[in-house]
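Chemist:
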Amino acid sequence: MRHLSYLAVLVGCLLGTAPLEWFLGTRVYARPRRLALTLLPVVAVFVAWDVYAIAAGQWTFDPRSVTGIRLPGRLPLDELLFFLVVPVCAILTLEAVRAVRGWPAGDEPPAAEEVAAQEPPARGEADGPR
9 MRHLSYLAVL VGCLLGTAPL EWFLGTRVYA RPRRLALTLL PVVAVFVAWD
59 VYAIAAGQWT FDPRSVTGIR LPGRLPLDEL LFFLVVPVCA ILTLEAVRAV
109 RGWPAGDEPP AAEEVAAQEP PARGEADGPR
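Note that this note's numbering has the sequence shown beginning at 9, numbered continuously upward.
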């Protein structure tokens, strides 16, 4: 069973943060395109880095702690999952803090009052009475 220990930690991370989506409405999983666009650069950089380090003999994995499933570049499946799971958990945590604190992300559509305040005055209104 030790060969599943890496996966067990990842499952624990997901189980620990999943309630944030349901109870605080973080909407991380509800916006899959946004999540994928966030994860793609992170995963690409770290997978490339790991594949290079494995090929150079600078990075190894204890075969007793991983599933043994290897992807191209001899990257363990467990490691790829790590690069997906940990950022997702971090994003869920950040969004949960934002939800509790009421912090805006800055990308939400503005409220109607804000839009009205930002609109230029109608022609003639800015000039005042003549």
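Each residue gets a CB set at the ideal place from its N, CA and C atoms; glycine is no exception.
Could you tell me the alpha carbon to alpha carbon distance between V96 and A38, rounded to whole angstroms?
Modeler: So the two alpha carbons sit approximately 13 Å from each other.
Chemist: For D111, which residues in the same chain have their Cβ closer than 8 Å to its Cβ, ignoring the five residues on either side in sequence?
Modeler: Checking the sequence, you will find Trp at residue 111 rather than Asp. Closer than 8 Å at the Cβ level, and outside the excluded window around W111, lie V105.
Chemist: Taking W67 as the reference, give the member of G81, A113, L32 with the closest Cα.
Modeler: Ranking the options by Cα distance to W67, first place goes to G81.
Chemist: Whose C-beta lies closer than 7 Å to the C-beta of H11 among residues of the same chain, with five residues either side of it excluded?
Modeler: Only R72, S73, V74, T75, G76 meet the Cβ criterion.
Chemist: May I have the straight-line CA-CA distance separating A52 from P27, to the nearest angstrom?
Modeler: Computed Cα separation, rounded: 28 Å.
Chemist: Taking C-beta to C-beta, are V93 and C21 nearer than 7 Å?
Modeler: Their beta carbons are under 7 Å apart, which means V93 touches C21 by this criterion.
Chemist: Check whether the Cβ atoms of P25 and L100 sit closer than 7 Å, and answer yes or no.
Modeler: For the record, residue 25 in the displayed sequence is Thr; it is not Pro. Yes. Within cutoff.
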